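Have a look at the structure below before the remarks.
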Amino acid sequence: MTNIDPGKEDEFFMEVDAAAKKAVWCALATIRNNAPRVRMVHPTWEGKVLWIATGAETAKAKEIQKNAAVDIQFQVAPDDFVHLMVRGTAEVRVDAATKNRVWEVLDYDLTRFWPDGPADESYCLIRIEPFRVELSEMFGSRNKRVWRSPSDS
């Protein structure tokens with residue numbers, strides 16, 4: 071396992087973004103009643119922040135409001151077998167400025183879910199601030215690289 075040097079963070083997160091784009095879907099784990107809940111989501115990286123669009127009344131949004139701890143796992147299928155894991159703190163964002171700005175950041179057509187655009191009250195965002203990101207090959211058995219935020223040291 072190799073820890074990412076602070077001077078190489080930008081390069082590492084470009085590789086993380088590229089791997090995530092190959093995976094398309096990933097598993098998001100939240101906590102409800104001290105038990106994990108996992109569902110498939112399609113997040114988008116913006117630098118070192120991960121965004122997920124969701125409905126304001128979804129179970130995942132409600133769970134995050136009660137417990138901000140999340141784990142995310144991307145798995146890229148053969149031939150690459152890239153493995154990307156993210157551990158972080160999540161928050162639900164409903165302010166208009168963020169909803170408008172991130173509407174343009176997310177890499178798929180959100181009008182399929184919210185035809186009225188970012189002003190739709192049922193549209194909200196989950197912002198994930200990672201404190202640990204692991205990128206590896208062959209299910210974590212090769213070329214494992216780990217980035218940790220200063221707060222996770």
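For the sequence shown, position 18 matches number 88 in our numbering, and the numbering has no gaps at all. For every residue, glycine included, the Cβ atom is placed at its ideal position computed from N, Cα and C. Owing to the predicted nature of the structure, the values given are computational and were not obtained by experimental measurement.
Residue i versus residue j: straight-line alpha-carbon distance, rounded
{"i": "Val162", "j": "Pro148", "result": "34 Å"}
{"i": "Glu133", "j": "Ala160", "result": "10 Å"}
{"i": "Leu98", "j": "Phe82", "result": "21 Å"}
{"i": "Glu85", "j": "Thr128", "result": "31 Å"}
{"i": "Leu176", "j": "Pro76", "result": "26 Å"}
Secondary structure of residue i, DSSP reduced to three states
{"i": "Met208", "result": "coil"}
{"i": "Asn73", "result": "strand"}
{"i": "Gly187", "result": "helix"}
{"i": "Val94", "result": "coil"}
Per-residue burial, residue i [other beta carbons within 10 Å of its own, 16 or more giving buried]
{"i": "Val94", "result": "exposed"}
{"i": "Ser221", "result": "exposed"}
{"i": "Val164", "result": "exposed"}
{"i": "Ala131", "result": "buried"}
{"i": "Lys91", "result": "exposed"}
Proximity of residue i and residue j at Cβ, strictly below 8 Å
{"i": "Arg218", "j": "Trp121", "result": "no"}
{"i": "Leu205", "j": "Arg212", "result": "no"}
{"i": "Glu191", "j": "Ala126", "result": "yes"}
Counting only runs of 4+ residues fully inside the segment 149-184, write out the alpha helix (DSSP H) ranges in chain order.
166-175
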